[in-house]
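Each residue of the sequence shown is one higher than the one before, counting from 773 in the numbering used here. The next block holds one structure in the form of structure tokens; read it before the comments.
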Amino acid sequence: MWLSYWSIALCFSLAVGNVDTTTRRATTMTTTTRKRPIQYCPLIRTEFGVEIYVIHKVRALHRIHDAKYEKHVYVYDSKALDEHLQNGYEEEGIIGNVLAYKTYEKSKAMINCFCPQLVTLYKFKKGAREAFYTKSSYEGWENTGAFMKVSFTRGYCGAKKAVYLDIFAAGYSTFHIGNSQFKCETLCPSYLPPFQLLLDVLYTTDLAEYRSWHFDLKHPRKHGVAFYIWG
773 MWLSYWSIAL CFSLAVGNVD TTTRRATTMT TTTRKRPIQY CPLIRTEFGV
823 EIYVIHKVRA LHRIHDAKYE KHVYVYDSKA LDEHLQNGYE EEGIIGNVLA
873 YKTYEKSKAM INCFCPQLVT LYKFKKGARE AFYTKSSYEG WENTGAFMKV
923 SFTRGYCGAK KAVYLDIFAA GYSTFHIGNS QFKCETLCPS YLPPFQLLLD
973 VLYTTDLAEY RSWHFDLKHP RKHGVAFYIW G
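The following block contains the structure:
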């Protein structure tokens, strides 16, 4: 029986810098500044840019389950999906669509123009467990790399599908952490149980599934959202 879970799910910005070239002769100094060329966004409506560079580029995120060890894994790569299924994992379905980080890198400049506040989530592993985190390091976990771009705001750049987070740990009472803006960092360190007690990390877009755990365990708190993806 799963005994506890949390719900918790940063923005980045573009910076344009200057390069200084300094020339010195005897006791005099002449300084010239060469500005890097500023990249302007295409003169098209934002919704068209979002449609072209984001919505048409998203990929299905599969949730698969290791029945033997009761762990969940999240993949969008078809090769990785096939390998896991051949190794005994069972597919539980597609929870939604995400912007794969490799896809983002191919059109980074354009996506940054139209959706500058999409958030990078890194995938971390701890044994058979997987979780997403907004920072590139987390003590005790292995960072497998930037995994996907998501939104912390419902509807931003078309991301309307809410992702709920359940964290199951042995020996912990059940509760949920979140706020009205849903801007808590995913896997907030101050609320994680000791690693040896963490059993599984479950992401779901099915509110009924999410609620069922709360009702079954008589969870008294309100539900929350970790982040938003595409339908």
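By construction, the Cβ of each residue, glycine as well, lies at the ideal position given by its N, Cα and C atoms.
Could you tell me how far apart the beta carbons of V826 and G930 are, in whole angstroms, since I believe they sit closer than 8 Å? That belief holds up - the Cβ atoms of V826 and G930 are roughly 6 Å apart, short of 8 Å.
In whole angstroms, what is the alpha-carbon distance linking L871 and A998? L871 and A998 have their alpha carbons spaced roughly 16 Å apart.
With a threshold of 16 other CB atoms inside 10 Å of the CB of C887, please say whether the residue is buried or exposed. By the neighbour-count rule (16 or more Cβ atoms within 10 Å), C887 is buried.
Measuring straight from C-alpha to C-alpha, what distance separates A918 and V845? Using only the alpha carbons, I get a separation of about 16 Å.
One or two residues paired with N892 in a DSSP bridge: The residue you asked about is not Asn; residue 892 is Thr in the sequence shown. DSSP lists K921 as partners of T892.
Bounding residues of the alpha helix (DSSP H) (the contiguous stretch that carries D854): In the DSSP assignment, D854 falls within the unbroken alpha helix (DSSP H) covering 850-858.
Quick check on this structure: which residue in Y936, V973, R831 has the alpha carbon closest to the alpha carbon of Y876? Of Y936, V973, R831, the smallest CA-CA separation from Y876 is found for R831.
Expected contact under 8 Å - CB spacing of F904 and K898 to nearest Å: About 13 Å separates the Cβ atoms of F904 and K898, ruling out a contact at the 8 Å cut-off.
Neighbourhood of G865 by C-beta distance below 7 Å, restricted to the same chain and skipping five residues each side: Contacts found: R835.
Give me, in chain order, the residues of the same chain whose beta-carbon lies closer than 7 Å to that of M920; leave out the 5 immediate sequence neighbours on both sides. Same-chain partners within the cutoff: V870, L871, A872, Y873, L893.
Under 8 Å Cβ to Cβ from L853, same chain only, skipping five residues before and after it: list those, please. Excluding positions up to five away in sequence, the list reads H834, I836, V847, E863.
Measuring alpha carbon to alpha carbon, tell me which residue in H856, E855, V973, L937 is nearest R983. Checked all of H856, E855, V973, L937; the closest Cα to R983 is L937.
I'd like to check one pair, D838 with Y812: are the Cβ atoms closer than 9 Å? At the C-beta level, Y812 and D838 stay beyond 9 Å of one another.
What is the residue span of the alpha helix (DSSP H) that Y876 lies within? Unbroken alpha helix (DSSP H) run through Y876: 873-878.
What is the rounded straight-line gap between the Cα of L890 and the Cα of S879? Approximately 13 Å between the Cα atoms of the pair.
Let me check one thing: in DSSP terms, what residues is F999 bridge-paired to? In DSSP, F999 forms a bridge with V935.
Would you give the residue range spanned by the alpha helix (DSSP H) that E819 belongs to? Counting along the chain, the alpha helix (DSSP H) containing E819 begins and ends at 818-825.
Is it the case that the Cβ atoms of Y1000 and T925 are separated by a distance below 9 Å? Yes, they are a contact pair.
Once DSSP output is grouped into helix, strand and coil, what is the label at L979? Three-state DSSP puts L979 in a helix.
Can you check whether the CB of D972 is closer than 9 Å to the CB of I867? Contact annotation: I867 and D972 have beta-carbon atoms that are not nearer than 9 Å.
Cα-Cα separation, L815 to A881: Approximately 14 Å, taken between the alpha carbons.
Which of helix, strand or coil does DSSP assign to G865? When DSSP states are grouped into helix, strand and coil, G865 belongs to the strand group.
Per-residue DSSP class, three states only, for K907: In the structure shown, the three-state DSSP call for K907 is coil.
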